[in-house]
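Asker: Please see the structure below; I have some questions.
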Amino acid sequence: FDRNDVLYVGDGGNQRVQRFSRDGYFAGEARSSGDGSSFVLGDFGGVSNIAVNGHSFYIVDTYREIVHTFDAAVIHGIDEASAWVEYQSENNFVGADSFTFSATDGFRNAAGETLSSPPATVQVNVTRNFRPPEATAGLAISVTEDTPTPLVLEGYDIDGALDTLTFQVTTQPGDGALSGAPPNLTYTPNPNFAGEDYFSFTVSDGRFTSQAAEFILDVVPVNDPPVLTLDEANLRAGAGYPFTLAGTALDPEVEDDLIVQINWGDGSTENEGAPQSDGTLSGPVLDASGDITRTLRAYHTYASPGAYPLVVTITDPAGATATVQRTVTVEAMADLALRRRGGTAAAPSRPTVTYELAVVNLPPSSGGVTASAITVRETLDAGFRYRTASTSGGSCQASGQNLNCTLDALAPGAETVIRVVADAAAATAVGAEVAAQATVSAGQPDPLPANNRADARLTMLPDADFLVDT
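Numbering-wise (my numbering), the sequence shown opens with residue 14 and increments by one.
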């Protein structure tokens, strides 16, 4: 730097010395007139080092052990009538400027003073320049997964304060969203996204628009705790009957192996088990890793009625947990099973089917209650009609294609049988299949309603020497 803060830079590879203003802008250069092998003015070859003061700058050629000295004055190209100077305004200066100069021929007066001309003033009118702005390239920030993060767009305009810059996003991020008013934005990554995202932006000064620059967003993953949901509609159990607990576990880290533990609230706690060869479970089970959604299955038998506090906890490998607490209501229930026995086939020469509907009060592992207010209903589709229906443990009404039976109370383990005869209509074609749908219900809740139904298809077969029936 010289005393005016002008910067001189030695560029040995290109055999030149560059000059820059105090604002860092290029302000001319001096190139070597040769490779430095001749002792000719301006032939300084490779630049090893430089120095400068108010009058001269010096180039050191360490290879040839020579110091080249050059005039650093602002006046150049002096001849008999003129001199050449270069004017460089301050950055962003617009308006009128001036400088003064005088000339001398080197003569001195009797007092030894150099004789100079009166000073003259040079007026300089600096008009503004218009140069395009640039969007700052290489901007990048680190973002935590699932966390909105503020960011600032940056750009540069060599015209400085003479221009007002505006920013515009030209390409939106692919795995998140931007909000706010440029240049102050907030990036919100998509839920559970981790990795590299980016967007592009430009900057404009109202006259020129820059090339687009990329803004890199490095979304750093964090461990997401699992989320557990239980089947709220299945929190009633029958005393002595198996209770099925179902639910789902969500974990965005699909590679995580989740561990489940269940406190049933009756003094028993089970850790994660596995399916057994006989179809039972040795404990609560979550399906294998590899999917965001896992299915929870668990079975338990409560010995007696009551309200039991259920606590289910799942844990991921990082130790994050999800816990759900619910109450299981255990009641005295009657497990009625409806079973179908007998024929389902008819033929034109034998257009009648005879079958039985058996209702059993399946006892629990301990205890059990008597089932009362038992009702059996069955309907036949078009093609068959009821002839008769009877039972020794209640009463039945069979009419057309509807059957309704009211049965007497059934103690645990007891069974009642309904005997049914149905006839095929004359128009029922050979090969026709007619649906028969039967259900049973009682005044007591049923722990296993899946076995309250017994459906069949009554089939019209062609005449033959033998009819194979169930």
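Idealized CB from N, CA, C, for every residue including glycine. Note that this is a predicted model, so its numbers are computed, not measured.
What is the rounded straight-line gap between the Cα of SER290 and the Cα of PRO297?
Answerer: Position 277 of the sequence shown, counting from 1, holds the residue named residue 290. Position 284 of the sequence shown, counting from 1, holds the residue named residue 297. Approximately 15 Å, taken between the alpha carbons.
Asker: For SER217, tell me which candidate among GLY251, ASP172 and ARG249 has the shortest Cα-Cα distance.
Answerer: The residue you call residue 217 lines up with position 204 of the sequence shown. Residue ASP172 is the option with its Cα nearest to SER217.
Asker: According to DSSP, which residues form a beta bridge with SER192?
Answerer: Indexing the sequence shown from 1 puts residue 192 at position 179. DSSP, once it has assigned bridges, lists THR199 as partnering SER192.
Asker: Identify every run of the alpha helix (DSSP H) within the region 397-480, keeping only runs that are complete inside it and at least 4 residues long; order them along the chain.
Answerer: The qualifying runs do not exist here; there are none.
Asker: Quick one: does ASP468 have its CB under 8 Å from some CB of chain C?
Answerer: This model lacks chain C altogether, as it is built from one protein chain only.
Asker: For the region 324-351, which segments carrying the alpha helix (DSSP H) assignment without a break, of at least 4 residues, lie completely within its bounds, in sequence order?
Answerer: With a minimum length of 4 residues, no continuous alpha helix (DSSP H) run stays inside the region 324-351.
Asker: Contact check, PRO196 vs VAL165 under 8 Å by CB: the rounded distance?
Answerer: For the purposes of this step, residue 196 is taken as the residue at position 183 of the sequence shown. For the purposes of this step, residue 165 is taken as the residue at position 152 of the sequence shown. Correct: roughly 5 Å between the Cβ atoms.
Asker: DSSP three-state label for ALA252, please.
Answerer: The residue you call residue 252 lines up with position 239 of the sequence shown. Three-state result, ALA252: coil.
Asker: Below 8 Å between beta carbons: does that hold for LEU271 and VAL337?
Answerer: As a first step, residue 271 is located in the sequence shown; it is residue number 258 there, counting from the start. As a first step, residue 337 is located in the sequence shown; it is residue number 324 there, counting from the start. No, the pair does not count as a contact, with Cβ atoms beyond the cut-off.
Asker: Please confirm whether ALA333 and ASN247 have their CB atoms less than 8 Å apart.
Answerer: Residue numbering aside, residue 333 sits at position 320 when the sequence shown is read from its first letter. Residue numbering aside, residue 247 sits at position 234 when the sequence shown is read from its first letter. Result no, Cβ atoms of ALA333 and ASN247 do not sit closer than 8 Å.
Asker: In angstroms with no decimal places, state the Cα-to-Cα distance between THR82 and ASP110.
Answerer: As a first step, residue 82 is located in the sequence shown; it is residue number 69 there, counting from the start. As a first step, residue 110 is located in the sequence shown; it is residue number 97 there, counting from the start. Going by the C-alpha atoms only, they are around 32 Å apart.
Asker: For the structure I just gave you, are there three or more beta carbon pairs, one from the region 322-329 and one from the region 342-353, closer than 8 Å?
Answerer: As far as the Cβ criterion goes, the region 322-329 does not touch the region 342-353, which means the pair count is below three.
Asker: Taking only the alpha-carbon atoms, compute the straight-line gap between THR472 and PHE479 and give it to the nearest angstrom.
Answerer: Locating residue 472 in the sequence shown gives position 459, where the first residue counts as 1. Locating residue 479 in the sequence shown gives position 466, where the first residue counts as 1. If you take the alpha carbons of THR472 and PHE479, they lie about 15 Å apart.
Asker: Please classify ASP118 as buried or exposed, where buried requires at least 16 neighbouring CB atoms within 10 angstroms.
Answerer: Position 105 of the sequence shown, counting from 1, holds the residue named residue 118. The residue is exposed, with fewer than 16 neighbouring Cβ atoms inside 10 Å.
Asker: Just reading off the beta strand (DSSP E) that THR242 is part of, what are its end residues?
Answerer: Numbered from its first residue, the sequence shown carries residue 242 at position 229. Looking at the DSSP string, the run of the beta strand (DSSP E) that includes THR242 is 240-243.
Asker: Verify the contact flag: ASN17, CB atom, against every heavy atom of the ligand MG, threshold strictly below 7 Å.
Answerer: Because no ligand of any kind appears in the structure shown, any question about the ligand MG cannot be addressed here.
Asker: Using the C-alpha atoms, what's the distance from LEU420 back to ALA411?
Answerer: Within the sequence shown, residue 411 is the residue found at index 398, counting from 1. Within the sequence shown, residue 420 is the residue found at index 407, counting from 1. Their Cα atoms are separated by approximately 14 Å.
Asker: Identify whether LEU271 lies in helix, strand or coil by the three-state DSSP scheme.
Answerer: As a working mapping, residue 271 is identified with position 258 in the sequence shown. The answer is coil: DSSP assigns LEU271 none of H, G, I, E or B.
Asker: I'd like to know if the region 124-132 and the region 178-198 are in contact, where contact means that at least 3 CB-CB pairs between them fall below 8 Å.
Answerer: No: the two stretches stay apart, fewer than three of their Cβ pairs being nearer than 8 Å.
Asker: I believe ALA395 touches LEU474 by the beta-carbon criterion, under 8 Å. Please report the beta-carbon distance rounded to the nearest angstrom.
Answerer: Here residue 395 corresponds to residue number 382 of the sequence shown, with the count starting at 1. Here residue 474 corresponds to residue number 461 of the sequence shown, with the count starting at 1. About 18 Å; that fails the 8 Å criterion.
Asker: Just the C-alpha distance for THR184 and PRO265, rounded to the nearest angstrom, thanks.
Answerer: As a first step, residue 184 is located in the sequence shown; it is residue number 171 there, counting from the start. As a first step, residue 265 is located in the sequence shown; it is residue number 252 there, counting from the start. Distance between the alpha carbons of THR184 and PRO265 is about 28 Å.
Asker: If you compare alpha carbons, which of ARG77, ALA311, PRO458 and ASN465 is closest to PRO255?
Answerer: Position 242 of the sequence shown holds residue 255. Closest option to PRO255, Cα to Cα, is ALA311.
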